[in-house]
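Working notes, structure below.
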Amino acid sequence: MEDHNFLFISADAALITDLAWQVHTEGHDVKYYIEAESDKEIGDGFVPKIDDWRAEVEWADVIVFDDIWVGSDIGTGELAQELRERGNAVVGGTPNTDHLEEDRGYAMEILEEHGVNTVEHHIFHDFDAGIQHVQEHPAPYVIKPLGEVQNVKRLLYVGNEDDGSDVVEVLRAYKKAWGHRMKGFQLQRKVDGVEIAICGFFNGNEFIDQVNFNFEHKKLFPGNIGPQTGEMGTSMFWASQNRLFKETFGKLEEWLATEGYVGSIDINCIVNENGIYPLEFTPRFGYPTIALQEESIESSTGQFFYDLAHGNDPAVEVHNGYQIGVRIVLPPFPFDDEKTYDENSRNAAVVFETDSRDGIHLEDTKKIDGQWRAAGGNGMPIVVTGKGETMHAAREQAYDRIDDIVMPNMYYRDDIGERWIDGDGDRLQAWGYLGPQA
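Each residue of the sequence shown is one higher than the one before, counting from 303 in our numbering.
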């Protein structure tokens, strides 16, 4: 395998540390830039760091952006597009693909224009108009904020009442507490079924053959209760371009090729016996999904992304089974409270009771004199993964590895992967979604 030069860019928060570390560990030359001052220590001791990414562009064989955000604005898609036009090989989006995540209304328009089934949805910029809509069309709805507050995960609300009365009360509360910042929201008709994300890797022209299917666990506590987080853990498997893929990304392949998109793109869906209902896009790496995908790629991760960025068809080998990843967190995650973080979590030691680091992946971590420590201020130091021929075996391996980690005040969900075992897998199979496309 030929060694390559990789430039990793976090134009806002540091998210891509683990992938940079993995590629560096494989023997490639890596340089990592982090824009956010509060995150600059993340990755120290694991990967080489730089202060000016633009000065390294010509050095790089591959440039990797980790998110759509440049500070508080979207914009890495524009940067990636400019670099591609100059002849650089880039893993990243475009202005239009960035827009898929930032503007849910636009995302639904793209789906509908290309013949992809969508759930009933409405965009509102006035709380009273949204309340009136629910009262006139009573049903369970999901509230999804738009604009600058859409990443405040606790504002996403999934209604439970058939008459929508709980959604009306939540909208009234949001009007009082968030009306000055929440300039719009989407009301999406709630659909019952299995929630599954379809993740494809696109090389600028087409998707690779292997498709990643994953199941998010966004609530803080086991049993899927408590506040929304970015993610507490993920279970997944790889398969061929089956019906789930064909009826979603299969219809968007030509549009993505026109855009010149390169990298991971994910569409989260609700699936039932009646159809596939896309909910939202993630036109970038998912976190901690990418750490688990790295664990399941059994060929060179660096060569995979080199080929992807250069428009090649990667000869990638993936684990034939199931994988889970568990996010290990510290107080006050998922909330922001600097005093609590300083007293309980800042610089916390990550202690391993074995010499093995198999399945251990970095998030907000640094290494000082050989000692792993929590870094940054978010309280998300590591992700622990496991894989096996069954979901049960993958769970057993991951949680056995967690038992060998000592970190004061750490907490995590102990039910990642159970939904598959408890029936999600059987339902998807019975509905005919998991077999190869006929």
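A virtual CB, placed ideally from N, CA and C, is assigned to each residue, including glycine.
Quick caveat, the model's predicted, so the values are computed rather than measured.
DSSP places D375 in the strand class (E or B) of the three-state scheme. Secondary structure note for S467: it is in no beta strand (DSSP E), and the uninterrupted alpha helix (DSSP H) holding it is S467 to W480. Here the alpha carbons of D405 and A541 stand approximately 30 Å from one another. For M534, the uninterrupted beta strand (DSSP E) run begins and ends at I527 to A541, by DSSP. Counting of Cβ neighbours within 10 angstroms places Q625 among the buried residues, the total reaching 16 or more.
Only buried fits P683, as 16 or more other CB atoms lie within 10 angstroms of its CB. Across the structure, G389 and S340 are spaced so that their CA atoms are roughly 32 Å apart. Inclusion of D346 and K669 in the CB contact set at 8 Å is warranted, their separation being smaller than that value.
Proximity to L448 across G481, V418 and D609 peaks at G481, based on C-alpha coordinates.
Just measuring C-alpha positions, the residue of Y443, R474 and R715 sitting nearest D464 is Y443.
Within the segment 393 to 472, the complete beta strand (DSSP E) segments of 3 residues or longer fall at 423 to 426 and 443 to 447, listed in chain order.
Of the residues assessed, I510 falls on the buried side of the cut-off, its CB having 16 or more other CB atoms within 10 angstroms.
Counted as a single uninterrupted DSSP element, the alpha helix (DSSP H) harbouring W323 occupies residues T319 to T327.
Out of N574, D657 and A695, the CA that lies nearest to the CA of R729 is found in N574.
Here DSSP, grouped into helix, strand and coil, assigns N646 to helix. Sorting A651, L458 and H423 by C-alpha distance to the C-alpha of G681 places A651 at the top. Here the alpha carbon of V470 sits roughly 9 Å from the alpha carbon of F429.
Annotated as distal: L581 and I592, with beta-carbon spacing of 8 Å or more. With at least 16 other beta carbons inside 10 angstroms of its own, G627 counts as buried.
The three-state secondary structure of Y334, taken from DSSP, is strand. W361 sits in coil when the DSSP states are folded into three classes, being neither helix nor strand.
Between the alpha carbons of L594 and Q437 lies a gap of roughly 43 Å. When secondary structure is reduced to three states using DSSP, D568 falls in the strand class.
Counting only the Cα atoms, G552 lies some 34 Å from T327.
Within the DSSP secondary-structure output, F504 pairs in a beta bridge with F509 and G565. If you ignore the 5 residues before and after G495, its C-beta comes within less than 6 Å of the C-beta of I572, V573 and N574, all in its own chain and listed in chain order. Its Cα nearest to that of S566, the residue F515 stands out among F515, K520, E549 and K521. Counting only residues of its own chain and dropping the five nearest sequence neighbours on each side, Q383 has a CB closer than 6 Å to the CB of T396. Relative to the Cα of G417, the nearest Cα in the group V364, N398, W557 and Q530 belongs to W557. Cβ atoms of M693 and G719 come within 8 Å of each other, at about 5 Å. Per the DSSP secondary-structure output, S312 pairs in a beta bridge with I336. Taking C-beta atoms as the reference points, D716 and P524 count as a pair closer than 8 Å.
Taking 8 Å as the cut-off, the beta carbon of T399 is found no closer than this to the beta carbon of M410. Here the alpha carbons of E518 and A676 stand approximately 24 Å from one another. In the DSSP assignment, W674 is bridged to K669. Annotated three-state conformation of R729 is helix, per DSSP.
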